[in-house]
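Asks: Going down the list, the sequences are from chains R and V.
Each residue of the first sequence is one higher than the last, beginning at 1 in this note's numbering.
Each residue of the second sequence is one higher than the last, beginning at 286 in this note's numbering.
Here a beta-carbon is modelled for each residue, glycine too, at the ideal position from N, C-alpha and C.
All of these numbers come straight from a predicted model, not from anything done at the bench.
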Amino acid sequence: MVEIPRIPIGERVDEGVDWLTDNLGGFFDLVADQVRWLVDHLEDLLLWPPAIVLAALMGLLAWRLRSVTFGAFTFVSMLFIESMTLWEESMSTLSLVVIATLVAVAVGIPLGIAAASNERVSSLLRPVLDFMQTMPAFVYLIPAITFFGIGAVPGVVATVVFAMPPAARLTELGIRQVDTEVVEAAESFGAPPRQVLRKVQLPLALPTIMAGVNQVIMLALSMVVIAGIVGAGGLGAEVFRGITRLDVGVGFEGGLAVVILAVFLDRTTASIGSSGRRTPPAGTA
Amino acid sequence: MSTIQLRNIYKVFGRRSAEAVELLRDGVSREEAQERTGAVPAVIDISLDIEPGELFVVMGLSGSGKSTLVRTINRLHEPTAGTIELKGRDITRLGPAELREVRSSSVSMVFQHFALFPHRTVLENAAWGLEVRRRGRSEREERSREALRLVGLEGWEDSYPDQLSGGMQQRVGLARALATDADVLLMDEAFSALDPLIRREMQDQLVELQDTLHKTIVFITHDLNEAMRLGDRIAVLKDGRLVQVGTAEDILQDPANDYVASFVQDVDRSRVLTAGSVMEKPQAVITTHDGPRAAMRAMRSLQVSGLLVVDAHRKLRGYVTDDDVATAMRHDAKSLESAIRTDVATISPDVPLVELFVPAAETPLPLPVEDEHGRLVGVVPRVTLLAALGGQAVDTPDALQEEDHRG
Chain R
1 MVEIPRIPIG ERVDEGVDWL TDNLGGFFDL VADQVRWLVD HLEDLLLWPP
51 AIVLAALMGL LAWRLRSVTF GAFTFVSMLF IESMTLWEES MSTLSLVVIA
101 TLVAVAVGIP LGIAAASNER VSSLLRPVLD FMQTMPAFVY LIPAITFFGI
151 GAVPGVVATV VFAMPPAARL TELGIRQVDT EVVEAAESFG APPRQVLRKV
201 QLPLALPTIM AGVNQVIMLA LSMVVIAGIV GAGGLGAEVF RGITRLDVGV
251 GFEGGLAVVI LAVFLDRTTA SIGSSGRRTP PAGTA
Chain V
286 MSTIQLRNIY KVFGRRSAEA VELLRDGVSR EEAQERTGAV PAVIDISLDI
336 EPGELFVVMG LSGSGKSTLV RTINRLHEPT AGTIELKGRD ITRLGPAELR
386 EVRSSSVSMV FQHFALFPHR TVLENAAWGL EVRRRGRSER EERSREALRL
436 VGLEGWEDSY PDQLSGGMQQ RVGLARALAT DADVLLMDEA FSALDPLIRR
486 EMQDQLVELQ DTLHKTIVFI THDLNEAMRL GDRIAVLKDG RLVQVGTAED
536 ILQDPANDYV ASFVQDVDRS RVLTAGSVME KPQAVITTHD GPRAAMRAMR
586 SLQVSGLLVV DAHRKLRGYV TDDDVATAMR HDAKSLESAI RTDVATISPD
636 VPLVELFVPA AETPLPLPVE DEHGRLVGVV PRVTLLAALG GQAVDTPDAL
686 QEEDHRG
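#1: Under a CB-based cut-off of 8 Å, is Pro-403/V close to chain R?
#2: Please confirm if Ser-117/R has its CB atom under 8 Å from at least one CB of chain V.
#3: What residue from Asp-179/R, Val-128/R and Leu-197/R has the CA that sits closest to Phe-396/V's CA?
#4: Is His-398/V close to chain R? Criterion is C-beta to C-beta, closer than 8 Å.
#5: Could you confirm whether any beta carbon from chain R is found closer than 8 Å to the beta carbon of Leu-340/V?
#6: In whole angstroms, what is the alpha-carbon distance linking Ala-467/V and Glu-383/V?
#7: When you compare only the Cα positions, how much space is there between Phe-70/R and Ala-55/R?
#8: Against chain R, which members of the segment 370-386 of chain V pass a CB distance test of less than 7 Å?
#9: Using beta-carbon positions only, say whether Glu-15/R and Ser-92/R come within less than 8 Å of one another.
#10: Less than 8 Å between CB atoms is the rule here; does Thr-501/V satisfy it with respect to chain R?
#11: Please list, in chain order, the chain R residues whose beta carbon lies closer than 9 Å to that of Arg-388/V.
#12: Determine, for Gln-201/R, whether the minimum Cβ-Cβ distance to residues of chain V falls below 8 Å.
#13: Determine, using beta carbons only, whether Gly-108/R and Met-164/R come nearer to each other than 8 Å.
#14: Return helix, strand or coil for Leu-371/V, following the three-state DSSP convention.
#15: Name, going along the chain, the residues of the segment 554-577 of chain V whose beta-carbon falls closer than 8 Å to a beta-carbon of chain R.
#16: Who are Pro-5/R's beta bridge partners in DSSP?
#17: Less than 8 Å between CB atoms is the rule here; does Leu-435/V satisfy it with respect to chain R?
#18: For Asn-118/R, count neighbouring Cβ atoms within 10 angstroms of its own Cβ and tell me buried if that reaches 16, exposed if not.
#19: In this structure, does DSSP put Phe-298/V in helix, strand or coil?
#20: Can you give me the start and stop residues for the alpha helix (DSSP H) that Thr-669/V sits inside?
#21: Where does Lys-523/V fall in DSSP's three states?
#22: CB Leu-340/V to CB Ile-505/V, shorter than 8 Å?
#23: In chain V, what lies closer than 7 Å to Thr-182/R by C-beta?
#24: For a cutoff of 8 Å on Cβ pairs, would you count Leu-449/V as touching chain R?
#25: Grouping DSSP H, G and I as helix and E and B as strand, with all else coil, what is Asp-607/V?
#26: Could you tell me if Met-135/R is buried or exposed, where buried requires 16 or more neighbouring beta carbons within 10 angstroms of its beta carbon?
#27: DSSP three-state call for Glu-565/V: helix, strand or coil?
#28: Looking only at C-alpha atoms, which of Gln-448/V, Asp-443/V, Gly-452/V and Ser-423/V sits nearest to Val-436/V?
#29: DSSP beta-bridge partners for Phe-341/V?
#30: So, is the C-beta of Gly-348/V closer than 8 Å to a C-beta in chain R?
#31: For Gly-439/V, report the span of its beta strand (DSSP E) as first-last.
#32: Is Gln-177/R close to chain V, meaning its C-beta is less than 8 Å from at least one C-beta of that chain?
#33: Any beta carbon of chain V sitting closer than 8 Å to that of Leu-173/R?
#34: Comparing C-alpha positions only, which one of Arg-422/V, Met-584/V, Val-355/V and Ala-411/V sits nearest to Glu-431/V?
#35: Let me know if Gly-350/V comes out buried or exposed under the rule of 16 or more other beta-carbons within 10 Å of its beta-carbon.
#36: For Met-58/R, which beta-bridge partners are listed by DSSP?
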């Protein structure tokens, strides 16, 4: 019988990660510092006002973006989190999600734009995004820990990797979906590519891009909970505590708070996407 | 100098396009070139000269390459081979920045499905070209309001395109193209997406605008009636090749081949053909010098019962009938003057045939055609009118020659 030789991919990856740690350690430290600073300050900011004030502000935002009912629901459900004494954990999770989403969107949207304007970038990017999205989320935690140690930072980094693909994908899709005749019309008057992108393609792709951002947020939220395992804190830590102690009550309360945050984030960002259509982009006549 | 000069334009889509052009130049057919290279020839060896102020129609069925051709003029499609001169400037050699300059200052375009920007108001849509040219806000606003007024959209400035009907949306498209003051207007099936009544209205409006603006317009259509209504000249395309160029009447009366002939079969000839293009040499004519006897003789030999009467300068005076001439002869009249009837409808050579039916029904005589000086230049007998509408070959207007008239 022919024995198929084992290809030592795992070893190679190990070596690669070691090499990166040895040679780019300084860079990783720098990233870690920045991310930690951002997460800490956002968390401090969210925890600075009393819970009831922030809950009211979030309710107001939900009302403005969607409806009175949803505003009221948001206010009540945030107070419910406070009553479960999970407020601090929730705000910690929220700040992780917000920072991870910002980074993922800041990387993903330009990638999507590049892919939409260049076939080669598009065909290179697609398998990479597939890989990032289908690799089990836990796997990202391992190198993240080696690079950044335990804590919030590897959580954010793993979350960015896991949550970024929809931002790139849907940005590309949104831009490609813009009617070719409309783009031709913009170009036929002599508009340079940047202007066509900024004033025609991006505004028209906005609903699709926002759908991508919405997905990024949802993925980030689910990943941040997993990141609780590596000491990212927040609700993830709470849920993980429930698992390790086999304490259904603790786990359920943590999970419920995650669901409430998810509903709030999902509905508010979804409304930004759908109401964006009629808003003329800034800087036009 | 022509405003637009296309010289041997080829546009072939696909990787081996240059190779396909070589094959086509060697006389290989479109199908074979496509089979041998895998590239798709859309426009093959087209040369055209479009004059200043002309409304030039390019007509063909879908797949004939007409939309591709118009897109090579502003290089939305790069021509694979050939040169394009705009007012004497070869635009195929321009770099990206120069090309943008040409696009924003000299050529504007109107699209089949309007291609408006749905996220911008009507005014912002119309102002696009000026915004691209970095004009100040007040100038942009003023000029795009003026353009919207021209197309009859005053009061809609702050609406969004999806609040407008199809016809109005295309008016915005037209206003957007007019606002930049470009003197070349490319219209790609601009009215094809509109329903027939609105299309008619837009065609009339375009003709009206063109009377005052005198742009050079390249108008693409698959609708022959539209082409005939609008075009000063018409180019017929088939399978990427130019089949015929000429005025509507040239194409109707003298189709270059069977393809064009079958194409023009369904055209409403009565609106395209004019009296001047079908009129015949007047036979039953007599001058005021001739007496009643001469008139009677002429009627007998021609076997008609009436004659048109002209004076020495061939100016139409009226007509006489056999009864009246007979009466005049009984009274021994020396001249025809007393017998001339003047209740005769006259028409000028550029009147379309559709307007001849009523006058033709009211008189038994051939309809007299007068030039601008009131001189008789030809006649349209009823039988000629019917034959022309039926697509029968009609004698070319040799009536214009002054020789050999009986009298």
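Replies: If we stick to the structure as given:
#1: yes
#2: No, because no Cβ of chain V sits closer than 8 Å to the Cβ of Ser-117/R.
#3: Asp-179/R
#4: yes
#5: no
#6: 15 Å
#7: 13 Å
#8: Arg-385 and Glu-386
#9: Going by C-beta atoms, Glu-15/R is not nearer than 8 Å to Ser-92/R.
#10: no
#11: Glu-187, Ser-188, Phe-189, Gly-190 and Ala-191
#12: no
#13: yes
#14: In this structure, Leu-371/V counts as strand in the three-state DSSP scheme.
#15: Residues passing the 8 Å Cβ filter: none.
#16: DSSP output for Pro-5/R lists no bridge partner at all.
#17: no
#18: With a 10 Å radius around the Cβ and a threshold of 16 neighbouring Cβ atoms, Asn-118/R comes out exposed.
#19: strand
#20: 667-674
#21: Strand at Lys-523/V.
#22: no
#23: Note on residue identity: the sequence assigns Val, not Thr, to residue 182/R. Residues of chain V passing the Cβ test: Ala-400 and Phe-402.
#24: no
#25: helix
#26: With fewer than 16 other Cβ atoms inside 10 Å of its own Cβ, Met-135/R counts as exposed.
#27: strand
#28: Gly-452/V
#29: Phe-341/V is bridged to Val-503/V and Arg-518/V.
#30: no
#31: According to the sequence displayed, residue 439/V carries Glu and not Gly. No beta strand (DSSP E) contains Glu-439/V, which DSSP labels as neither H nor E.
#32: no
#33: no
#34: Ala-411/V
#35: buried
#36: Met-58/R is not bridged to any residue.
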